[in-house]
Structure formats: structure tokens, C-alpha cells
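Protein chains: 2
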Amino acid sequence: MQKKSTRVRKEEIIQAALAVVGEKGVRALTIAAIAEQAGMSEANIYRHFGGKDDIYAAIGNFIGSEVMGKAATIAGGSRRPIEKLETIFRSHISLLSEQPGIPRFVFSDDVHLTQRNVAEFLAVRIGNYVDTIAGIIAAGIEEGEIRQGLVPRETALTLLGMIQITVFRWTIGTASFDIKGDAEKLWGNFIGLVS
Amino acid sequence: MQKKSTRVRKEEIIQAALAVVGEKGVRALTIAAIAEQAGMSEANIYRHFGGKDDIYAAIGNFIGSEVMGKAATIAGGSRRPIEKLETIFRSHISLLSEQPGIPRFVFSDDVHLTQRNVAEFLAVRIGNYVDTIAGIIAAGIEEGEIRQGLVPRETALTLLGMIQITVFRWTIGTASFDIKGDAEKLWGNFIGLVS
DNA sequence: ATAATATGCGAATACATGTTCACATGAGGT
DNA sequence: ACCTCATGTGAACATGTATTCGCATATTAT
Chain V
199 MQKKSTRVRK
209 EEIIQAALAV
219 VGEKGVRALT
229 IAAIAEQAGM
239 SEANIYRHFG
249 GKDDIYAAIG
259 NFIGSEVMGK
269 AATIAGGSRR
279 PIEKLETIFR
289 SHISLLSEQP
299 GIPRFVFSDD
309 VHLTQRNVAE
319 FLAVRIGNYV
329 DTIAGIIAAG
339 IEEGEIRQGL
349 VPRETALTLL
359 GMIQITVFRW
369 TIGTASFDIK
379 GDAEKLWGNF
389 IGLVS
Chain G
199 MQKKSTRVRK
209 EEIIQAALAV
219 VGEKGVRALT
229 IAAIAEQAGM
239 SEANIYRHFG
249 GKDDIYAAIG
259 NFIGSEVMGK
269 AATIAGGSRR
279 PIEKLETIFR
289 SHISLLSEQP
299 GIPRFVFSDD
309 VHLTQRNVAE
319 FLAVRIGNYV
329 DTIAGIIAAG
339 IEEGEIRQGL
349 VPRETALTLL
359 GMIQITVFRW
369 TIGTASFDIK
379 GDAEKLWGNF
389 IGLVS
């Protein structure tokens with residue numbers, strides 16, 4: 199087996215772990231499963247991570263920085279508020295459907311209850327995410343694209359709820375669930391709700 | 199130890215299991231934990247249930263019939279559509295905050311992936327639930343209480359998403375999270391969205 | 001080239017978990 | 001009162017899981 203630096207191995211292990219969560223859920227995120235997915239021995243995983251808690255934290259960091267950061271980029275663009283919201287909504291649904299491990303991990307009660315520090319970290323990131331979307335909505339109201347009288351923060355939470363329930367129905371239902379089509383319908387109705 | 203009939207023991211075991219899930223999550227739903235919570239031996243649990251899968255199914259049935267049925271009762275009442283929606287929303291938030299085991303179980307990826315039959319059953323029940331709420335919204339549109347142009351089904355999903363994200367933020371955050379207050383704010387904004 | 005160090009792995013360990021079994025005991029029908 | 005059967009339990013078992021340890025080997029610096 200070719201040797202690689204810890205930096206590279208850490209990324210491989212995190213990606214393998216996310217793949218396992220996506221396919222079999224957080225419950226199946228065992229060291230053995232990660233090792234098999236990553237194509238290395240179980241003992242080797244301990245060369246690069248202190249233990250399972252350490253791996254949980256690394257997954258949380260990855261999701262927090264790589265994923266949640268995207269919204270900030272879109273928010274900083276020069277398009278109109280409604281367009282920004284649509285882009286964020288679409289790319290979010292797209293990402294979650296391609297990397298099911300991400301929502302599984304974030305919504306896992308196992309993580310919430312046994313990895314409190316990871317949960318707190320994610321809670322803060324999600325809070326920032328809500329703020330970002332609320333800011334776009336506030337701008338939309340000011341520019342007249344979005345109806346007056348709406349509360350930006352609560353409207354942002356409503357939008358996130360749409361994403362969450364879509365992912366949930368996709369996860370719980372059969373594999374043939376058309377998540378993209380479902381999301382489109384919800385978005386169309388959201389336009390009607392806010393304009 | 200006093201002996202009781204299987205019928206009554208089954209209920210005790212299910213309630214104990216729901217309590218365990220509410221306090222420590224689905225991951226911690228072990229036979230040992232249920233036995234301790236219910237105050238009986240592990241072996242005795244096997245007197246009344248075939249095994250863990252059987253217990254999962256029983257929990258799913260309980261949640262499906264006892265809980266989801268409430269919405270149908272409210273929907274059948276004689277109040278105005280918006281009032282019905284508010285009652286459903288409030289009682290739902292109230293129930294989930296008092297019995298955290300219910301959302302933990304329903305949203306558990308462990309259940310979704312390893313208990314497919316339970317997941318399918320819940321999916322059908324949730325589908326009925328969506329239909330019920332969509333029916334109320336359709337009536338609201340017809341009576342002029344709710345804005346025209348909205349799609350009942352998608353608006354119903356949006357309402358459910360509000361509930362789901364509220365429970366999620368409550369679960370992931372600190373124990374001091376004010377779920378009732380948060381839900382009230384969301385409801386107030388929902389009124390603005392649909393009317 | 002060689003020493004030093006980081007990387008890799010099979011095997012062993014300690015513990016948790018689902019399940020079964022042989023045996024005890026209490027409740028209800030006769 | 002007694003018999004029968006459902007209910008209850010401690011102990012044992014097989015398997016799964018996280019983690020550690022001694023040893024091998026590739027990479028890097030000198």
C-alpha cells in the first residue's frame with residue numbers, strides 16, 4: 199500500500215465517512231465501515247484521527263466550512279434578491295441530493311445528543327446561514343421585489359423548512375422520489391407566497 | 199414483581215421506548231435501556247415482542263395512529279380554515295415539545311434505512327397528513343381567507359417545513375431554546391405569507 | 001547509504017448489544 | 001385446593017465495535 203501524508207489521508211477518511219453516512223446512515227458509521235470504504239485498515243485510521251469523536255468533529259467542520267460557505271458567496275453577488283434566493287435554494291437541494299450524507303449528519307439525533315460540541319458548532323453555522331438569507335430577503339423587501347410586512351428572519355426559516363421537509367420526504371420515501379421536481383414546485387409556490 | 203397481561207406490558211414497553219428516544223436518541227434505544235426505563239428485565243421484553251424490529255414497528259404504529267389522527271379530528275371541526283391551521287400548528291408544536299421522542303423517531307435516519315417497512319408506513323401517514331392540511335388550505339382559498347394563486351399542497355408542505363425546522367433548531371441548540379415563542383413568530387409570519 | 005521518522009497493518013482486548021434458554025412463580029379456570 | 005399456562009428472570013452466548021500494541025515498511029533528511 200502506498201503511503202500518503204496525514205493531510206491527504208484525513209481528507210480521504212472524511213470523504214469515506216460521508217459516503218458511509220450517505221449510503222447507510224450515521225448509525226452505520228463504524229470504524230470498520232470507514233476503513234473499508236477508504237480502502238485502508240482500521241488501525242490506520244487511528245494514525246490520523248484520535249478516535250471517533252475526532253472524526254465526528256472533522257465531518258462537522260467540513261460541512262460547516264465547505265458547504266455553508268457557498269451561501270455567503272451567492273449572497274455577495276450582484277443579482278437581484280429573488281434570483282439569489284432561487285440560486286441558493288436550487289444549489290442547496292442539488293448538493294444535498296448528491297451528498298445525502300450531509301443532511302443525514304446534520305439532522306442526526308445521534309450527533310445532536312452525543313457530540314454536543316459538534317452540534318453547537320453546526321447550530322452557530324446554521325444561525326449565520328439564516329442571517330444571510332434574512333439579509334437577502336430584507337433587501338428584496340426594500341427593493342420592492344418582496345411583499346412588505348413580512349419578517350425577514352421568519353421568512354428565511356420558512357425557506358429553510360421547505361428545504362428540510364423536501365430532503366426528509368426524499369429520505370423516508372422510496373428511491374424513486376423526484377426531489378428536484380418536488381423542490382421546483384415548492385419554489386414556484388414560495389414565489390407566490392412572498393410576492 | 200407483579201405480573202401483568204401482554205397487552206398492558208406492550209404499552210408500557212412502547213412508552214418506555216419513546217421516553218428513551220426522547221431523552222437519549224434512537225441510537226440509545228437498546229433493549230437494556232428500554233428494560234431499565236420500564237423497570238423490568240431484558241428477557242421479559244422478549245416475552246412481549248419478537249425482537250427489536252417488532253418494537254420499532256410498534257412505535258411506528260403508535261405514532262402513526264395516536265398522533266397523526268389528531269389532525270383529522272381538528273380538520274373535521276366547524277371552525278374557519280385559518281383557525282384550524284393554527285390549532286393544528288400549535289397542538290403539533292406542543293405535542294412534539296412534550297414528547298421529543300416522536301420527532302426523533304420519525305426523523306431518524308436509522309429508522310429510514312434499517313426499518314424500511316416502518317419508514318414506508320410513516321411515509322403514507324405523513325402523506326395523508328399533507329392531504330388533510332392541503333384540504334383545509336383549499337377551503338380557505340375558496341372562502342377567501344387565503345390568497346388566491348397559492349397551491350394548497352405546496353403551501354401545506356411549507357407549513358410542515360416550518361414545524362420541522364423549529365423542532366430541529368430546538369433539538370440541535372441549547373436546552374434554553376424557546377420553542378413555543380419561536381413557533382409563534384413563525385405562525386405570525388405565515389399569516390402574512392398566505393393572506 | 002543510512003538513520004530517523006512517519007505511515008501502515010494484523011492481532012488482541014475490553015465492552016456493548018441482541019437474543020436464547022432453563023428454570024421460577026404467580027394468576028385464573030376447574 | 002390444584003393444575004395449567006402465561007409471565008418473569010439471571011445467566012450464557014455470539015456478534016459487533018472502539019481502541020491499543022507490537023512490528024513492518026516506505027519516505028525523508030542528513
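Protein chains in written order, with the working numbering: chain V, 199 to 393; chain G, 199 to 393.
Every residue gets a Cβ at the ideal spot worked out from N, C-alpha and C, and that includes glycine.
Short CB-CB distance (under 7 Å) between residue 360(G) and chain V: Yes, because at least one Cβ of chain V sits closer than 7 Å to the Cβ of residue 360(G).
Residue-level contact to chain V via CB, residue 384(G), 7 Å cutoff: With 7 Å as the cut-off, residue 384(G) counts as an interface residue toward chain V.
contact_flag[the stretch 219-231 of chain G, the stretch 358-378 of chain V] where n(CB pairs < 8 Å) is 3 or more: Note that the stretch 219-231 of chain G does not touch the stretch 358-378 of chain V; fewer than 3 beta-carbon pairs, one per stretch, sit closer than 8 Å.
Alpha helix (DSSP H) segment containing residue 394(V), residue limits: Chain V is shown from 199 up to 393; residue 394(V) falls before or after that span and cannot be answered.
N-terminal and C-terminal residue of the alpha helix (DSSP H) that residue 199(V) is part of: Element bounds for residue 199(V): n/a, residue is neither H nor E.
Pairwise C-alpha distance: residue 211(V) and residue 286(G): The alpha-carbon atoms of residue 286(G) and residue 211(V) are separated by roughly 45 Å.
Alpha helix (DSSP H) segment containing residue 318(V), residue limits: From DSSP, the alpha helix (DSSP H) with residue 318(V) extends over 314-340.
Chain V contact for residue 296(G) (CB, 7 Å cutoff): For residue 296(G), the answer is no, since every Cβ of chain V falls outside 7 Å of its Cβ.
Bounding residues of the alpha helix (DSSP H) (the contiguous stretch that carries residue 354(G)): DSSP places residue 354(G) inside the alpha helix (DSSP H), whose first and last residues are 350-370.
Sequence-distant residues of the same chain with beta carbon closer than 7 Å to residue 385(G), five excluded per side: Cβ-Cβ distances below 7 Å link residue 385(G) to 284 and 287 in the same chain, with the five nearest sequence neighbours on each side left out; the list follows chain order.
Segment contact flag, the stretch 215-224 of chain G with the stretch 296-312 of chain G, C-beta cutoff 8 Å, min 3 pairs: Segments in contact, yes.
For residue 293(G) and residue 392(V), believed in contact at Cβ under 8 Å, the rounded distance: That belief does not hold up - the Cβ atoms of residue 392(V) and residue 293(G) are roughly 29 Å apart, past 8 Å.
Residue 228(G) at chain V interface by Cβ criterion, 7 Å: No - not a single Cβ of chain V is within 7 Å of the one on residue 228(G).
For residue 305(G) and residue 261(G), believed in contact at Cβ under 8 Å, the rounded distance: Not a contact, Cβ separation roughly 11 Å.
Residue 332(V) versus residue 199(V) - alpha carbon distance: A straight-line Cα-Cα distance of about 50 Å links residue 332(V) and residue 199(V).
Rounded straight-line distance, which links the Cα of residue 204(G) to that of residue 325(V): Going by the C-alpha atoms only, they are around 47 Å apart.
Neighbourhood of residue 301(V) by C-beta, 6 Å cutoff - its chain only, sequence neighbours within 5 removed: Exclusion of the five residues before and after residue 301(V) leaves 294 and 365 as the residues of its chain whose Cβ lies within less than 6 Å of its Cβ.
Three CB pairs or more closer than 8 Å across the stretch 261-281 of chain V and the stretch 349-368 of chain V: Flag = no, the stretch 261-281 of chain V and the stretch 349-368 of chain V do not touch.
Among 359(V), 343(V) and 355(V), the one whose alpha carbon lies nearest that of residue 389(V): Residue 343(V) is the option with its Cα nearest to residue 389(V).
Presumed contact (8 Å Cβ cut-off) between residue 316(G) and residue 223(G), rounded CB distance: The Cβ separation is near 17 Å, so there is no contact.
For residue 387(G) and residue 277(V), the rounded distance between their alpha carbons: Near 26 Å, if we compare the C-alpha coordinates of residue 387(G) and residue 277(V).
Burial state of residue 201(G), where buried means 16 or more other Cβ atoms lie within 10 Å: Classification of residue 201(G): exposed, given that the 10 Å Cβ count is below 16.
Backbone secondary structure at residue 306(G) - three-state DSSP: Three-state DSSP puts residue 306(G) in coil, outside helix and strand.
Where residue 388(V) falls: helix, strand or coil (DSSP): Looking at residue 388(V) - three-state DSSP - the assignment turns out to be helix.
Exposure label - residue 236(V); buried when at least 16 CB within 10 Å: Counting Cβ neighbours within 10 Å, residue 236(V) comes out buried, since at least 16 surround it.
Any chain G beta carbon closer than 7 Å to residue 234(V): Residue-level contact check: residue 234(V) does not touch chain G, since none of the beta carbons of chain G fall below 7 Å from its beta carbon.
Pick from 245(V), 356(V), 335(V) and 242(V) that is closest to residue 380(G), judged by C-alpha positions: Ranking 245(V), 356(V), 335(V) and 242(V) by Cα distance to residue 380(G) puts 356(V) first.
For residue 376(G), the three-state DSSP class (helix, strand or coil): Reduced to three states, the DSSP call for residue 376(G) is coil.
Alpha carbon of residue 311(V) to alpha carbon of residue 346(G), nearest angstrom: Cα-Cα distance, rounded: 43 Å.
Residue span of the alpha helix (DSSP H) that contains residue 267(V), given as start and end: First-last of the alpha helix (DSSP H) with residue 267(V): 266-273.
Interface partners of residue 317(G) on chain V, CB under 9 Å: Neighbours of residue 317(G) across chain V, judged by C-beta separation under 9 Å: 369, 370 and 371.
Residue range of the alpha helix (DSSP H) that includes residue 241(G): Taken as a continuous stretch (DSSP letters only), the alpha helix (DSSP H) holding residue 241(G) covers 240-246.
Among 245(V), 232(V) and 255(V), nearest to residue 313(V) - alpha-carbon criterion: The candidate whose alpha carbon is nearest that of residue 313(V) is 255(V).
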